[in-house]
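>
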Amino acid sequence: MLILDGKIASAAVKATLLEQTQALKAAGKRTPHLAAILVGSNGASETYVASKVKNCEETGFGSSLYRFDTEVEEVVLLAKIAELNQDPNCDGILVQLPLPKHIKESKVIEAINPAKDVDGFHPVNVGRLVQGLNTFIPATPYGIILMLEHFNIETKGKNAVVIGRSNIVGRPMSILLSSNIAQGNCTVTICHSHTKNLKEVCLGADIIVAALGVPNFLTGEMIKPGAVIIDVGITRVEDATAKKGFRIKGDVNYEEACAKASAITPVPGGVGLMTIAGLLKNTMKAYQGL
Ligand code: NAD
């Protein structure tokens, strides 16, 4: 059984990007710059943003972090985005989600210049993705595609099941896997909270992408022998014996899945690391111009 190790695959992506930034520096040019906006002090969001900034530095990118209190007015956020849209030294803008309830996420996302929308959430970029045009692919599905590519996982003609239909993971993942691209050409079934007979649907899958946010949801009895399992889930589960008081759990029962699968992503150390690789690649793409 093959472990789809995110450390290995993301290191390969980052090494290529580092070579590119070193060449830019040697030529006296500026390197790509990512601006991250963080509202409030949600523990998980803090961790994600810190990791994104750290990875920018490791890859020779510039980065800025703009922090706002939970009570920040929507208009203030929109003004910051307008300023970054105009800034010629800022290539990519990311707003860490979720945002507090009084701020309309769609309004904030739509305020970002689509040419700087490195998260790929702007409707213009989503439309381009659906039409198979050059675009920013949302970082997590993009990272999964990069992972499949790195480990030479054959997808053409396979049955893929995506569990979860969110705009940031499940929906774009289903589009990519069904697209006519090297890591696509699957027959895709997208499942959600109203899907009936999920176990039977999963048993017909050669590839399963679990992105629902329910720890240990995908059990061994739902997996066809030899299937490829991609675990997107990240849930903090309280555990008094853990140093931080919680452990990160994926959506897949790892031990049971290992007994059935031909390849599997671990959690942590799998898709999460590839998400950052996808974001960095998008930022380089924004710098170079879509
Ligand atoms: P979401 O809550 O927006 O969407 C969850 C989806 O799962 C929904 O479409 C829902 O219909 C479906 N669902 C829920 N319960 C279900 C069930 N019992 N059966 C079938 N479908 C069900 O979540 P999201 O933002 O897409 O994130 C999903 C998980 O992935 C979360 O754990 C999140 O933390 C994680 N995540 C990880 C990364 C990463 O980089 N690894 C990135 C983004 C999200």
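The sequence shown begins at 410 in the numbering used here and counts up one residue at a time. Where a beta carbon is used, it is the ideal one built from N, C-alpha and C, also for glycine.
1) Identify which residue in Thr598, Gln592, Gly593, Ile553 has its Cα closest to the Cα of glycine 704.
2) What residue from Leu689, Gly642, Thr644 has the CA that sits closest to leucine 443's CA?
3) Is leucine 621 near the ligand NAD, in the sense that its beta carbon is under 7 angstroms from a heavy atom of that ligand?
4) Quick one: is the Cβ of serine 575 within less than 7 angstroms of any heavy atom of the ligand NAD?
5) From the DSSP output, in three-state form, read off threonine 425 for me.
6) Could you check whether isoleucine 643 and alanine 619 sit closer than 8 angstroms to each other, using their CB atoms as the reference points?
7) To the nearest angstrom, how far is it from the Cα of leucine 427 to the Cα of alanine 435?
8) Taking the beta carbon of lysine 653 as the centre, do at least 16 other beta carbons fall within 10 Å, making it buried, or is it exposed?
9) Could you pull out every residue in the same chain whose Cβ sits closer than 6 angstroms to the Cβ of glycine 659, ignoring the five residues on either side in sequence?
10) Would you mind working out which of Asn594, Gly437, Met693, Leu487 sits nearest glutamate 563, comparing C-alpha positions?
11) Can the beta-carbon of asparagine 691 be found less than 8 angstroms from the beta-carbon of glycine 501?
12) Is DSSP giving threonine 628 helix, strand or coil here?
13) Taking C-beta to C-beta, are asparagine 494 and asparagine 522 nearer than 8 angstroms?
14) Starting from glycine 622, trace the beta strand (DSSP E) in both directions and tell me its first and last residue.
Working from what's here:
1) For the chain, the structure presents residues 410 to 699; residue 704 sits outside this window and is missing.
2) By 1-based counting over the sequence shown, the position of residue 443 is 34. Taking only the C-alpha atoms, the option nearest leucine 443 is Leu689.
3) Residue numbering aside, residue 621 sits at position 212 when the sequence shown is read from its first letter. Yes.
4) Numbered from 1 along the sequence shown, position 166 holds the residue referred to as residue 575. True, at least one ligand heavy atom lies under 7 angstroms from that Cβ.
5) Against the sequence shown, residue 425 aligns to sequence position 16. DSSP places threonine 425 in helix when its eight states are reduced to three.
6) Counting from 1 along the sequence shown, the entry for residue 619 is found at position 210. Counting from 1 along the sequence shown, the entry for residue 643 is found at position 234. Not a contact, by the Cβ cut-off of 8 angstroms.
7) Here residue 427 refers to the residue found at position 18 of the sequence shown. Here residue 435 refers to the residue found at position 26 of the sequence shown. Using only the alpha carbons, I get a separation of about 12 angstroms.
8) Reading the sequence shown from its first residue, position 244 is the one you call residue 653. Classification for lysine 653: exposed.
9) Sequence index remark: in the sequence shown, residue 659 carries index 250 (1-based). Asp640, Gly642, Val676, listed in sequence order.
10) By one-based count along the sequence shown, residue 563 stands at place 154. Measuring from the Cα of glutamate 563, the nearest candidate turns out to be Asn594.
11) Here residue 691 is taken as the residue at index 282 of the sequence shown, counted from 1. Here residue 501 is taken as the residue at index 92 of the sequence shown, counted from 1. Yes.
12) Here residue 628 is taken as the residue at index 219 of the sequence shown, counted from 1. If DSSP states are grouped into helix, strand and coil, threonine 628 belongs with coil.
13) Here residue 494 refers to the residue found at position 85 of the sequence shown. Here residue 522 refers to the residue found at position 113 of the sequence shown. Going by C-beta atoms, asparagine 494 is nearer than 8 angstroms to asparagine 522.
14) Position 213 of the sequence shown holds residue 622. Segment: none, glycine 622 is in no beta strand (DSSP E) and carries neither H nor E.
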